[in-house]
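According to mature numbering (1 follows the signal peptide of the UniProt record, and there is no 0), the residues represented by the sequence shown are -24 to -1, 1 to 214, in order. Where is the CB? At the ideal position from N, CA and C, for every residue including glycine. I have placed the structure first, in the form of structure tokens, so that the comments after it can refer back to it.
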Amino acid sequence: MVRNKTFLGALALGALAFSGLANAATFSGTATGAWTNPDGTFGYAINNADAGGTADVTWGTPISGSTDNLWSFDGAGSDGGAGWTAGVGSVFSVGDFSYRNGSVTSTNFAGADLSVTLAITSPLSVTELFSFEFDVINTPNNTGDPVLDGDIASIVSGASSQTFTYLGDKYTLNLLGFSSDGGSTIVSGFNVPENATAGASLYGKITLAPIPLPAGAPLLLTGVAGFAWLRRRKAKKA
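Spelled out as structure tokens, the structure:
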């Protein structure tokens, strides 16, 4: 009976020890963005220069006194500066998105995909690609109120996950989405008043994937428990 309890306890302590080491890992890396798959045939321009600058898409011819529209993404560490660092289970910013809403004409641009290449550079080398689909919802600008005349950048799809392995442990890398409050609230769009600029950061999270029991382990544990039950039963009869 004591041996069985010792064996089961050793299994539990071993699992906890491995889990503790895995949760103590810290990862760091960079992120680079690029605008792809534009929805439109005229009146827009894409400049993917995040490596050293920003990835931008602009559209429209501004009316007098206004500016063109701009979506811009600056990935963490893409310009050679500090990248991102994250412990297991904590959210971290991988880049900044900004939206400048001007009053424009002469464009049929309706959206584009933001592709984000997220690279883990330490303590291992892993590169994963994520994509967010953005649509723009334009207003006719006929109320005179900059808030009511504001356009909306709507995130149609995104927030995917990838897995990687480090020192035998499997981790899940998630891009959660965009947030302006440190990652507590993930937004699905940006409503920007006319002739104003708004922004948010793109957040990610690394978690430890569940560790499955080795094949046969459930049967082994069941057998040990059954053996212990039989010993107790025999002891009672004796």
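* Asked: Pick from Gly9, Gly78, Phe140: whose alpha carbon is nearest that of Thr43?
  -> Translated into positions along the sequence shown, residue 43 becomes position 67. For Thr43, the nearest C-alpha among the options comes from Gly78.
* Determine the contact status of Val70 and Ala31, defining contact as a CB-CB distance below 8 Å. => Sequence index remark: in the sequence shown, residue 70 carries index 94 (1-based). Sequence index remark: in the sequence shown, residue 31 carries index 55 (1-based). In this structure, Ala31 does not lie closer than 8 Å to Val70 by Cβ.
* Out of curiosity, what's the CA-to-CA distance linking Ser40 and Ser160? -> Position 64 of the sequence shown holds residue 40. Position 184 of the sequence shown holds residue 160. Cα to Cα, Ser40 sits roughly 39 Å from Ser160.
* Give the DSSP-derived three-state secondary structure of Gly159 in the structure shown. => Position 183 of the sequence shown holds residue 159. Correct three-state label for Gly159: coil.
* To do: Rank Val102, Gly63, Ser82 by C-alpha distance to the C-alpha of residue 229 and give the top, closest one.
  => This structure gives no information on residue 229, because the portion of the chain shown stretches from -24 to 214.
* **Boundaries of the beta strand (DSSP E) in which Gly63 is found, first to last residue** => Numbered from its first residue, the sequence shown carries residue 63 at position 87. Its beta strand (DSSP E) spans residues 60 to 63.
* Please report the residue range of the beta strand (DSSP E) in which Pro14 lies. => The count along the sequence shown starts at 1 and reaches residue 14 at position 38. 2 to 15 is the extent of the beta strand (DSSP E) around Pro14.
* Would you identify the three-state DSSP class for Asn23, choosing helix, strand or coil? => The residue labelled residue 23 in the question sits at position 47 within the sequence shown. Looking at Asn23 - three-state DSSP - the assignment turns out to be strand.
* Endpoints, beta strand (DSSP E) assigned at Thr83 -> Here residue 83 refers to the residue found at position 107 of the sequence shown. Unbroken run through Thr83: none, as it is neither H nor E.
* Put Asn118 into one of helix, strand or coil per three-state DSSP. => By one-based count along the sequence shown, residue 118 stands at place 142. Coil at Asn118, not helix or strand.
* What separation, rounded to the nearest whole angstrom, lies between the Cα atoms of Tyr142 and Asn(-2)? -> The residue labelled residue 142 in the question sits at position 166 within the sequence shown. The residue labelled residue -2 in the question sits at position 23 within the sequence shown. Between Tyr142 and Asn(-2), the C-alpha separation is close to 11 Å.
* Using the Cα positions of Asp50 and Asn118, report the straight-line distance between them to the nearest angstrom. => Mapped onto the sequence shown, residue 50 falls at position 74. Mapped onto the sequence shown, residue 118 falls at position 142. Distance between the alpha carbons of Asp50 and Asn118 is about 33 Å.
* Asked: Taking all protein chains shown into account, do 16 or more other C-beta atoms lie within 10 angstroms of the C-beta of Pro186, making it buried, or fewer, making it exposed?
  -> By 1-based counting over the sequence shown, the position of residue 186 is 210. It is exposed - the Cβ of Pro186 has fewer than 16 other Cβ atoms within 10 Å.
* **Nearest-angstrom Cα separation, counted from Phe73 out to Asn150** => Working through the sequence shown from its first residue, we reach residue 150 at position 174. Working through the sequence shown from its first residue, we reach residue 73 at position 97. Those two C-alpha atoms are separated by around 18 Å.
* Asked: Which class does Asn171 belong to by DSSP, given the choice of helix, strand or coil?
  -> For the purposes of this step, residue 171 is taken as residue 195 along the sequence shown, with counting starting at 1. Correct three-state label for Asn171: coil.
* In angstroms, rounded to a whole number, what distance separates the CA positions of Ala1 and Lys181? -> Counting from one through the sequence shown, the residue named residue 1 turns up at place 25. Counting from one through the sequence shown, the residue named residue 181 turns up at place 205. Cα to Cα, Ala1 sits roughly 13 Å from Lys181.
* By how many angstroms is the C-alpha of Gly5 removed from the C-alpha of Trp11? -> Translated into positions along the sequence shown, residue 11 becomes position 35. Translated into positions along the sequence shown, residue 5 becomes position 29. Those two C-alpha atoms are separated by around 21 Å.
* Taking the CB atoms as reference points, tell me whether Gly9 and Val92 lie closer together than 8 Å. => For the purposes of this step, residue 9 is taken as residue 33 along the sequence shown, with counting starting at 1. For the purposes of this step, residue 92 is taken as residue 116 along the sequence shown, with counting starting at 1. Yes, the pair counts as a contact, with Cβ atoms nearer than the cut-off.
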